[in-house]
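Just below is one structure, and these are the notes that go with it.
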Amino acid sequence: MRKLLVSLPLIATSILGGCNSEPNIEPADLIFSGGAVFTSDPEQPTASAVAVRGKHIVYVGEERGVIPFIGVSTRQINIQDGLLISGLMDSHTHVFNGSFSDVGVNLSLADTREKLQVALEAIRDANPGTGPVYARGWQNHLFPKTGPKAQQLDEIFGDRIVILGSVDGHSRWFSSRALREGGVDANYPDPHPGVSFFERDSLTNEPLGTGREKAGEHITAKFIPGDKSAYQERFVRWLPRAAAAGLTGVYDAWAAAPSEQEAYEIWHSISESGGLSLRVFGSVRETDSADLIANRFKKFEQNFSSEMVRPEAIKLAADGVPEGHTAFLLTPYVDSNNEDFGHPMISKEDMTANITTYFGADIPVHIHAIGGGAVRMSLDAIEAARTTTGNESVRATIAHMDFVHPDDIPRFKALNVTAQTSIQWAARDPSYFNIGSFVGIDKVENAYPVRSIMDAGANQSFGADWPASAYLSTYKPLELIEAAVTRRLPGEPSMPPRNPNQSVSVAEAIIAMTRNTAIQVGELESLGSISEGKLADLVLLEKNLFDIPAETINATSVAMTVVNGRIVHEQ
Ligand SMILES: [Zn+2]
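Counting in my numbering, the sequence shown runs from 8 upward without gaps.
The following block contains the structure:
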C-alpha cells in the first residue's frame with residue numbers, strides 16, 4: 008500500500024514532465040491515455056493506454072506500463088471521456104462511384120420536403136460560383152409520380168446547370184438550364200419511351216425536370232467530365248471527409264474511374280506520393296472468362312500492390328436487386344402470381360467452375376448475392392470449389408445477403424465464408440414496405456439476420472455499399488454501427504426497428520467493422536485490432552460509444568484518425 012501511494016505522484020510527474028525513465032525503451036511517437044480503449048482484440052478487449060512508434064502499436068495496457076515510452080518528443084493525447092478504437096474498415100464499398108457525386112451533404116438523409124430544401128441550400132453553399140453542380144441521393148417518396156421539378160432547383164440555384172441523381176440511381180433531376188443546354192424540350196424524343204424517358208407536362212409535352220433511367224445521360228456526359236482526372240480529383244477531395252469519419256480502410260467491390268485499370272492507377276499513384284489516407288483492398292470484376300480474370304488479378308497484383316493498396320478478391324455477381332425483380336429468391340415474388348423467383352446472373356455450374364479456377368490459383372472471391380436463392384447457390388459453388396481444389400483457406404465472402412434461409416446460416420462457418428452485410432439497409436425505412444410489396448413483408452422483416460450469423464460462429468463484417476442503397480446512402484461507419492445496434496435509421500429513436508432480435512451490441516458492431524473486416528481481407532496479422540505489433544490504424548472518438556444513447560452514435564465526432572502511425576485527421 009505504501010508503495011502504491013508513493014508511485015502515484017511519480018506517474019503524474021512522468022506524464023506531465025515527459026521524461027523517459029527507462030533508457031532501454033525507445034520513446035513512442037504517440038501515446039493515448041487517460042480514458043477508455045476498446046481494442047477489438049479478444050485476448051485483451053480493453054486497456055487504458057496505447058503507445059505508437061513509427062507505423063506500429065508498441066504498447067497496449069495499463070497507464071503505468073506506458074510511462075517508459077514517454078520521451079521528449081512523444082505526443083501525449085488524453086482520451087478523456089472519449090473512446091479509442093481500432094481503425095474502422097468498410098467491408099464493401101465503391102469509393103470512386105461514391106466520391107464522384109459526394110459534395111459533403113447527404114441528400115439521402117432528407118426524408119421530408121423541408122429537410123430536402125435545407126440540404127439543397129447546403130449543396131448550393133458548398134458549390135459557390137456558376138459552374139455545373141452534380142450530386143446524388145434524393146429520395147423518390149418525397150415527390151409525386153412525375154418526380155421533382157426543375158423549377159425548385161432554379162429557385163435555389165438560379166440559372167445554373169444542376170444535375171442530381173436519385174438515391175437508387177434510376178432517376179435524374181435537372182435544372183431548367185441543364186435541360187435547355189442539353190437540348191431537351193417538348194420535341195426532344197425520349198430514348199426509350201416507357202423505360203428511359205423524361206417526365207412531361209401532359210398538355211404541352213414540356214419536360215418537367217425528371218429523367219428516368221438513361222434519359223438525360225447525355226446531359227450529364229456533356230457537363231460533368233467523367234475522365235480519369237475528374238475521378239481522381241473528386242476522390243482526393245473526399246479523402247479528408249473519409250478520415251474525418253474514422254474510415255481507415257475499405258474493401259472496394261467495384262471500382263471504375265472510369266475503367267478498373269484507371270481506378271488502380273489512381274490509387275497507386277496517390278499511394279506512391281504518400282497521399283493515401285486509407286487502405287484500399289480492391290476487386291477485379293468478373294467480366295470475362297475465369298482464366299483471363301485470374302490472369303488480370305495476378306497482373307494487377309504485380310503492378311499495383313503497395314503498402315496501402317492491393318487487389319484482394321475477384322468480384323462475382325450471383326443476382327441483381329429486388330426492386331427490378333432480379334434478386335434470385337427461394338420463394339416467388341408475391342406480386343408475380345407465385346411464379347417468378349427471379350434469375351441468377353450466372354448458372355450454378357459456371358459459378359462453380361469459375362470459383363474452382365480462382366481457388367486453384369489461390370485467389371479470394373467476393374460474391375454479390377441478395378436473394379436467398381443466390382446466397383444458397385453461392386455457398387454451394389464455394390463448397391464444391393473447396394472440395395475440388397482442397398483449398399479450405401482461400402478467402403471467400405458473400406456480400407449483402409438481404410435474405411438468407413435459416414438452413415444456410417451454419418454453412419458460413421463450416422465453409423469458412425465471411426458474411427458481409429450493408430447493415431444500414433437493416434433499418435425499417437420506407438424501402439421496407441416497398442421491397443416488402445414484391446418479396447413479402449415476412450421476408451423483409453426477417454432480412455439481414457446478422458445476429459444469427461454471428462451466433463453461428465461465422466465471420467460477419469459490415470460495409471455501406473456506398474453510394475448504392477435502397478434508402479440511406481452513406482460512407483460513415485458510425486452510422487452503420489448505430490444501425491447495427493438499433494436496426495433503425497441513424498438518429499431516429501422513434502422509428503420502429505426491423506426485427507430487433509437481430510440487433511448486435513456496440514462491441515460486436517465495432518468488431519464487425521474492425522477485426523472481422525480484417526479477417527475478410529486476410530489482414531488480421533497486421534490490422535483489425537489495437538494489439539502490440541500491429542499497424543497503428545486508430546480512431547479517437549470524442550465520446551465513449553458504450554456510455555451514450557445508441558441513437559446518438561451517428562453524431563459522435565471523430566477527434567483523431569491515425570493510419571499507419573500518421574495522423575490523417577485531427578479536429
Ligand atoms: Zn456493391
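Cβ coordinates follow ideal geometry from the N, Cα and C atoms, glycine included.
In this text, all values refer to a predicted model and were calculated from it rather than measured experimentally.
Identify which residue in R435, E515, A117 has its Cα closest to the Cα of P460.
Reading the sequence as shown, one finds Ile at residue 460 and not Pro. I460 has its Cα closest to that of E515, out of R435, E515, A117.
Using the C-alpha atoms, what's the distance from Q527 back to T425?
6 Å
Quick test of your reading: V257 and L283, contact by CB under 8 Å. State the CB separation rounded to the nearest angstrom.
Between L283 and V257 the Cβ distance is about 11 Å, and since that is not below 8 Å, they are no contact.
Answer yes or no: does any C-beta atom of chain D fall closer than 8 Å to that of E530?
Of the protein chains in this structure there is only one, and it is not chain D.
Any heavy atom of ligand 1 closer than 7 Å to the CB of W245?
Look at W245: its beta carbon is at least 7 Å from all of the heavy atoms in ligand 1.
Please determine, among R60, G78, I84, the residue with the shortest C-alpha to C-alpha distance to G41.
For G41, the nearest C-alpha among the options comes from I84.
Over what stretch of residues does the beta strand (DSSP E) that includes V287 continue unbroken?
286–292
Unbroken beta strand (DSSP E) run spanning R120, endpoints:
Careful: R120 lies outside any beta strand (DSSP E), inside the alpha helix (DSSP H) at 120–133.
Run through DSSP, which three-state label would L11 get?
Note that L11 scores a pLDDT of 36, beneath 50, so its modelled location is shaky; the value from the coordinates is reported in the next line. Three-state DSSP puts L11 in a helix.
Start and end of the alpha helix (DSSP H) containing R71?
If you look at R71, you'll find it in the alpha helix (DSSP H) that goes 70–73.
Straight-line CA distance for G281 to V569?
14 Å
Span separating the alpha-carbon of Y365 from that of F76
The alpha-carbon of Y365 is positioned some 46 Å away from that of F76.
Can you check which of these residues, V79, Q51, Q578, R71, is closest to L37 by C-alpha distance?
V79
Around the C-beta of M8, are 16 or more other C-beta atoms found within 10 angstroms, so that it is buried, or is it exposed?
Low confidence applies here, because M8 scores a pLDDT of 35, under 50, leaving its location unreliable; read the following figure in that light. Exposed, because fewer than 16 other Cβ atoms sit within 10 Å of the Cβ of M8.
Taking 7 Å as the limit, tell me which residues put their C-beta closer than that to any heavy atom of ligand 1, in chain order.
H99, H101, A260, W261, H375, A406, D472, A475
Decide if G331 is buried, meaning its Cβ has at least 16 other Cβ atoms within 10 Å, or exposed.
exposed
Taking C-beta to C-beta, are Q431 and E499 nearer than 8 Å?
no
Give the DSSP bridge partners of K322, in chain order.
R292, H373
Can you tell me whether V382 is helix, strand or coil according to DSSP?
helix
Stretch pair the region 59–75 + the region 106–116: three plus CB contacts closer than 8 Å:
no
G256 - containing beta strand (DSSP E), residue span:
Per DSSP, G256 belongs to the beta strand (DSSP E) from 254–259.
Report the start-end ranges of each beta strand (DSSP E) in the region 451–530 that is 3 residues or longer and not cut off at the edges.
DSSP assignment within the region 451–530 yields the following whole beta strand (DSSP E) runs of 3 residues or more, N-terminal first: 467–469.
Can you confirm whether the region 336–354 touches the region 301–314 when touching is taken to mean that 3 or more C-beta pairs between the two stretches lie within less than 8 Å?
no
Which residues bound the beta strand (DSSP E) around F205?
205–207
Assign L215 to one of two classes, buried (16 or more other C-beta atoms within 10 Å of its C-beta) or exposed (fewer than that).
buried
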